[in-house]
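Just so you know, we're using the numbering used here here: the sequence shown kicks off at 17 and counts up by one. The beta-carbon is built from N, C-alpha and C at its ideal position, and this holds for glycine as well. This report concerns only the one structure given below.
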Amino acid sequence: MSEKLSKSEELKEKLFYKKQNGRLICDDETLSRADEYCEGYKCFLNIAKTEREAAATAIEMAKARGFSEFERGKQYKAGDKVYINNRGKTVALAVIGTQSVESGVNITAAHIDSPRLDLKPNPLYEDTDLALFKTHYYGGIKKYQWTAVPLALHGVFALKDGSVVKVSLGENDDEPRFVVNDLLPHLASEQNKRTLAEGIKGEELNVLIGSHPFKDDKGSELVKLNILKLLNEKYGITETDFLSAELELVPAFKASDLGFDRSMVGSYGQDDRVCAYPALTAVLNVENPKRTAVAILTDKEEIGSDGNTGLNSDFLRYVIHDLAEMQGGNGTVALRNSKCLSADVNAGLDPTFPDVMERKNASLLNYGVTVTKYTGARGKASTSDASAEYVAEVRAMLDKAGIIWQTGELGKVDIGGGGTVAMYIANMGVDVVDLGVPVLSMHSPFETTAKLDIYMCYRAMYEFMK
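Encoded structure:
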């Protein structure tokens, strides 16, 4: 028989805010569904390691669920499903609602680019009978983390005749991999005097790609020549074709379960595909919503969202305008009536490095999807700072659906911070708040998330769009 609560305990029960570990309050069926959902997520991570691959995979999945490419001038009815492909790097998916688009749409927005090593336009060189690629890192990375890690090469050669040659090498067990070498500790006394940020410099992120010379006793750069011979045989390219290529080096390992209890996912690229996959699967599962449901998977977030495939472009604005005009409505009015969940990750509290976090306002693994009212740096620079009214609306939706959620900030006020795409959407007049999954080791070659949080992120996005 349970003991009767004291008056103070009763009052605390009524008035205090209590964060709870979701694995302590979820039933076994929910936990099983989370595990099952993350099997598909891990597959997505393995086949969609770049923004091009993620966009192509999303379109392929959408077509399988009855989506067709949007045609301007064509009339669509409630329940119709369409997608818009922006240069193979950004994709918007929509399910037409029973209400007019002009009355507002529900948007989820996530990015599908991740930190990586890009090849420079003229990358190939030979030194001491070794062939290497010069790289330019993309996004915010700790450069030392990218040494002595097996890498795979992904991307495209765009040729002068208009054809595009796809490249994916290093993912399969029978394929070669590549590596950025580091100094052995025995000879690193001078390197060890550098700051952590300068332990490896940007111009030292050179990728080893070969050592076998072309068998000829004449000429120089015979290892480079042999590499070009192999590339020409496999892809039909010459060295000048690197000038119009987009080639990216990413970690070659696969997504996997983490921990004895298999409660977490470890993988490259979870920022932000851990939110992109729930946004994608949610919109694929939506049927006949009242408000038109739109999911946008976007490029360039890691470098500021600029460019014609980033959310600082007018792409999303044009998508909403096209959908509104299809019904004879006004796109600007539609945007002002729209609502958005900016689906991006937050930094989870790591017990090894607790000093950068303010515990009361930090997000924790297994405590559910994280609602972040504002991001930015220090004095809330570069953030939209969602209104209290909209946060209350999202809060009510989550609680009503029984979704486990928490709030979070990206570290202590004066430590640093970061931004998301929320401010670009808010600039269009849309109500927007960040909602996503807490991540450990963010921006590293191998990031950590909790399966329960991922599943709750999916449930929140589905509830919002349905």
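Can you tell which of the options has the C-alpha that lies nearest to the C-alpha of residue i?
{"i": "E187", "options": "G326, F269 and E374", "result": "F269"}
{"i": "P192", "options": "S227, K176, N208 and F173", "result": "S227"}
{"i": "V449", "options": "T163, N346, P137 and G392", "result": "G392"}
{"i": "T325", "options": "M77, L27 and I128", "result": "I128"}
{"i": "T465", "options": "I100, R394, V372 and R289", "result": "R289"}
{"i": "I312", "options": "T297, L332, N37 and G323", "result": "L332"}
{"i": "N122", "options": "G275, L339 and A168", "result": "L339"}
{"i": "C59", "options": "R375, L468 and D273", "result": "D273"}
{"i": "F258", "options": "M342, Y141 and N346", "result": "Y141"}
{"i": "E486", "options": "I41, V172 and T388", "result": "Outside the displayed range of the chain (17 to 482) lies residue 486, so it cannot be described from this structure."}
{"i": "D371", "options": "K428, K150, L380 and I336", "result": "K428"}
{"i": "V349", "options": "S358, H337 and V299", "result": "H337"}
{"i": "P166", "options": "K23, V196, G434 and R475", "result": "V196"}
{"i": "I100", "options": "V310, K250 and A261", "result": "V310"}
My assumption, with CB atoms under 8 Å, is that residue i sits in contact with residue j. Please give the rounded CB distance.
{"i": "G424", "j": "N377", "result": "7 Å"}
{"i": "D198", "j": "A164", "result": "5 Å"}
{"i": "T54", "j": "V281", "result": "At residue 54 the sequence reads Cys, which differs from the Thr that was named. Yes, C54 and V281 are in contact; Cβ-Cβ is about 6 Å, under 8 Å."}
{"i": "E317", "j": "V180", "result": "That belief does not hold up - the Cβ atoms of E317 and V180 are roughly 24 Å apart, past 8 Å."}
When the Cα atoms are used, what is the spatial distance from residue i to residue j?
{"i": "V407", "j": "R307", "result": "19 Å"}
{"i": "D134", "j": "L265", "result": "6 Å"}
{"i": "T562", "j": "A397", "result": "Absent from the model: residue 562. The displayed extent of the chain is 17 to 482, so no value can be given."}
{"i": "I420", "j": "G38", "result": "7 Å"}
{"i": "G235", "j": "L241", "result": "10 Å"}
{"i": "R81", "j": "S460", "result": "33 Å"}
{"i": "D366", "j": "E255", "result": "45 Å"}
{"i": "S48", "j": "L468", "result": "9 Å"}
{"i": "S184", "j": "T211", "result": "35 Å"}
{"i": "Y440", "j": "L27", "result": "42 Å"}
{"i": "P454", "j": "V385", "result": "7 Å"}
{"i": "T368", "j": "Q286", "result": "21 Å"}
{"i": "S283", "j": "S457", "result": "10 Å"}
{"i": "N138", "j": "E262", "result": "11 Å"}
{"i": "E45", "j": "N346", "result": "45 Å"}
Just to confirm, is the Cβ distance from residue i to residue j under 8 Å?
{"i": "D145", "j": "V223", "result": "no"}
{"i": "D360", "j": "C291", "result": "yes"}
{"i": "A71", "j": "K97", "result": "no"}
{"i": "Y153", "j": "L203", "result": "no"}
{"i": "Q422", "j": "K35", "result": "yes"}
{"i": "I253", "j": "L247", "result": "yes"}
{"i": "Q343", "j": "S116", "result": "yes"}
{"i": "V111", "j": "V302", "result": "yes"}
{"i": "K482", "j": "P305", "result": "yes"}
{"i": "T114", "j": "A94", "result": "yes"}
{"i": "M477", "j": "P294", "result": "yes"}
Runs of beta strand (DSSP E) lying entirely within the region 44-123, each at least 3 residues, in chain order: 97-102 and 106-111
Every unbroken beta strand (DSSP E) inside the region 268-323 [3 residues or more]: 272-274, 280-283 and 309-314
Uninterrupted beta strand (DSSP E) stretches inside the region 128-159 (no shorter than 3 residues): Qualifying beta strand (DSSP E) stretches, in chain order: 132-143 and 146-154.
Ranges of the beta strand (DSSP E) found wholly within the region 374-433, counting only runs of at least 3: 385-388 and 421-423
Complete runs of the alpha helix (DSSP H) confined to the region 196-253 [at least 4 residues]: 238-251
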